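A quick write-up on the structure given underneath.
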Amino acid sequence: MKRLIDQDRPGLTLFVDGQALAAKQGDTVLTAILTGGLGHLRQSEFGDGARAGFCLMGACQDCWIVVEGRGTQRACTTLAEPDMQVRRR
Amino acid sequence: MKVAVVGAGPAGVRAVERLVRAGLRPMWFEEGPASGGRIYQRPPTGFSRDHRALYGFEARRARALHDVADRLRFACDWRPETLVWNIRRTEPVLDTLTRGTDRRSETFDAVLLCTGAMDRVIPVPGWTLPGVTTMGGAQVALKTQGVAIGSRVAFVGTGPLLWLVAFQYAKAGAEVAAVVDTTPFATKLRPGLLWNLATFLKGLYYVGWLRARGVPVFEGAMPRAIEGDGAVRALRIEGHTIACDAVAMGWGLKPEAQLADLAGLPFRFDAVQHNWVPGQDAAGRTARPGVYLAGDGGGIAGAEVAELAGARAALALLADHGVFVDPLETSVLDRQLWRQAQFRGALEAAFPFPAHLAAEMEDATILCRCESITAGALRAAAAPEMNRGKAFTRIGMGRCQGRVCGPAAAEVLAASLGCAVQDVGRLRGQAPVKPIPVALA
């Protein structure tokens, strides 16, 4: 995933699997993680590899991550927030 | 009278507009934070592109819809970030969940379902790799986040959205590796497309623009696999390998009709759309009194029609509940809807769903991405219809409830049984329509 246009927004830092990740206000967690070069959002529970979302509109549930204090969330419909703690599954 | 409207896309907005004009204060549920639907989805706060940059030719339409919706919020019981996760079959009650924590049940005298659509996809080997998204997803990423799904993106599928999204990516400065349309050029020559000349001309413009800039275009092409190990490396089609690091795929849209299903509405197989759609009359009335449909959730017809249908269904709802409705307004809407239906029929014929591509899927291809079930497993189960196939294999039992794999799975099963696709039925919906915490169900 690549930042293309409309990216002149203030930055924020969230934490993914304990590591600091620079993102921008208005990014979804999916955008933050995938433009941040982390490559994927979770591993398939059935051993067929990494996943990184598919429909990007809240329908397919392929982008589940865990947000501390909130439990399982869709990365595509959850906005990144400063100091948010995200775990990939 | 207690009226609920589910969805704040083009259909929902125009429906609420008519209801408010008649003096009602409807409950208005929207799963996202704002109105606009997928087509006119707005970026979060902090983005700066204007309507022209976001919505192109549709900027005026988007602006008008947003303006109306923003005014209507104050005239309604507006419930954003609210998932309607059930509509009870035997009583007029909706079960809702707001911001993932606030659970309520609401009674209604009438409900208008404007639940929209999502992409219809055909699994190909490698489609679960990071970097592969739906066509609509690729568009949403650009529109609401200003990002491209990759540095070099291939687009595969068919339908107007294929060309539109590829155009939007190229225009925004993304590298378009190729546009792969499974429909041959000759199939797209339909005189019926002239029923909506503006839309037809826009389509020609997108195609011409892409070709003029040397974007590789393949028509009548067959995708074979998305290659890569942990990330996309190439899209392989019959006769060519296209180097890319992301792929957007989609073969038209399918209704998000789960609530209509839970409401107990009868469905029919629409041969033109090649989709199961909930039954309704031309005004959006259904077999269940008090339940109305409008927009793509009741059958794919696009945003322009959704606005008309939303207004028309609201007028039907009002008339059925003893409110005076101007017959001139209904007849104007009916005429516009009829005209659009002629165009739609031609459009579906111009971009047919390549059912054979799904039916001929290799045994090893993952069909159900939630549960990682292969096409071969479904064939081996030899189920007589889709719901039995689900019970035998877990296809469609995962967290998306068969939204993604359902249409392709039906093709695989039908071909393996040697029957027509409508004869294997469709996956039945179950509440909740999307996963919610058990403690709140």
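Line by line, the protein sequences give chains V and W. Every letter in the first sequence is one number past the one before it in this note's numbering, and letter 60, counting from 1, is 63. Every letter in the second sequence is one number past the one before it in this note's numbering, and letter 129, counting from 1, is 880. Ideal placement from N, C-alpha and C gives every residue a C-beta, glycine not left out. Everything numeric in this text was worked out from a predicted model, so none of it was measured.
Query: Determine the closest residue to residue 1120 of chain W out of W:876, W:756, W:1037, with distance taken between C-alpha atoms.; Result: W:876
Query: Using the Cα positions of residue 1181 of chain W and residue 1051 of chain W, report the straight-line distance between them to the nearest angstrom.; Result: 22 Å
Query: List the residues of chain V that residue 870 of chain W touches, going by C-beta distances under 8 Å, in chain order.; Result: 58
Query: Spell out a yes or no on whether the segment 790-799 of chain W and the segment 753-768 of chain W are touching, meaning 3 or more CB-CB pairs, one atom from each, closer than 8 Å.; Result: yes
Query: Given a cut-off of 8 Å on the beta-carbon distance, is the pair residue 800 of chain W and residue 9 of chain V in contact?; Result: yes
Query: Note down the Cα distance separating residue 1025 of chain W from residue 22 of chain V, rounded to an integer number of angstroms.; Result: 47 Å
Query: Against chain W, with Cβ distances strictly below 8 Å, would residue 86 of chain V count as a contact?; Result: no
Query: Measure the CB-CB distance between residue 53 of chain V and residue 1015 of chain W and report whether it falls below 8 Å.; Result: no
Query: Got a sec: is the Cβ-Cβ distance from residue 782 of chain W to anything in chain V below 8 Å?; Result: yes
Query: Please confirm if the segment 983-993 of chain W is in contact with the segment 1151-1167 of chain W, defined as three or more CB-CB distances below 8 Å between the two stretches.; Result: no
Query: If we define contact as Cβ-Cβ less than 8 Å, is residue 82 of chain V a contact residue for chain W?; Result: yes
Query: List the endpoints of the continuous beta strand (DSSP E) containing residue 869 of chain W.; Result: 868-870
Query: Quick check on DSSP: helix, strand or coil for residue 983 of chain W?; Result: coil
Query: Over what stretch of residues does the beta strand (DSSP E) that includes residue 1026 of chain W continue unbroken?; Result: 1026-1029
Query: Check each candidate in W:866, W:1112, W:802, W:807 and name the one with the smallest Cα separation from residue 814 of chain W.; Result: W:802
Query: Report the partner residues of residue 1043 of chain W according to the DSSP bridge assignment.; Result: W:863, W:1036
Query: What are the boundary residues of the alpha helix (DSSP H) that residue 953 of chain W is part of?; Result: 948-963
Query: Spell out the partners DSSP gives residue 1138 of chain W in its beta bridges.; Result: Answer is none; residue 1138 of chain W lacks a bridge partner.
Query: Between the C-alpha atoms of residue 904 of chain W and residue 883 of chain W, what's the straight-line distance to the nearest angstrom?; Result: 9 Å
Query: With a threshold of 8 Å, are at least 3 pairs of Cβ atoms found where one atom belongs to the segment 865-873 of chain W and the other to the segment 1003-1022 of chain W?; Result: yes
Query: Give me the Cα-Cα distance between residue 779 of chain W and residue 948 of chain W, rounded to the nearest whole angstrom.; Result: 34 Å
Query: From residue 888 of chain W to residue 1017 of chain W, what distance separates their C-alpha atoms?; Result: 30 Å
Query: Between the beta-carbon of residue 847 of chain W and the beta-carbon of residue 836 of chain W, is there less than 8 Å?; Result: yes
Query: Alpha carbon to alpha carbon, how far is residue 1073 of chain W from residue 55 of chain V? Give it in angstroms, no decimals.; Result: 51 Å
Query: From the DSSP output, which residues share a beta bridge with residue 45 of chain V?; Result: V:54
Query: Name, in chain order, the residues that DSSP records as bridge partners for residue 745 of chain W.; Result: Within the shown structure, residues of chain W are numbered from 752 to 1192, placing residue 745 of chain W beyond reach of any answer.
Query: Under 8 Å between the Cβ atoms of residue 946 of chain W and residue 1093 of chain W?; Result: yes
Query: Run down chain V in chain order and give the residues with a C-beta less than 7 Å from the C-beta of residue 1151 of chain W.; Result: 62, 63, 64
Query: Less than 8 Å between the beta carbons of residue 787 of chain W and residue 816 of chain W, yes or no?; Result: yes
Query: In chain order, what are the residue ranges of uninterrupted beta strand (DSSP E) at least 3 long that sit wholly in the segment 808-843 of chain W?; Result: 828-830, 833-838
Query: Anything in chain C within Cβ reach of residue 1154 of chain W, meaning under 7 Å, just list it in chain order.; Result: In the displayed structure, chain C is absent; the protein chains listed are V and W.
Query: I need the straight-line Cα distance from residue 819 of chain W to residue 765 of chain W, nearest angstrom please.; Result: 8 Å
Query: Checking 8 Å against the spacing of the C-beta atoms, do residue 1034 of chain W and residue 999 of chain W come in under that value?; Result: no
Query: Counting Cβ pairs, one atom from each stretch, are 3 or more of them under 8 Å apart for the segment 922-941 of chain W and the segment 962-976 of chain W?; Result: yes
Query: Output yes if chain W places a C-beta closer than 8 Å to the C-beta of residue 53 of chain V; else output no.; Result: yes
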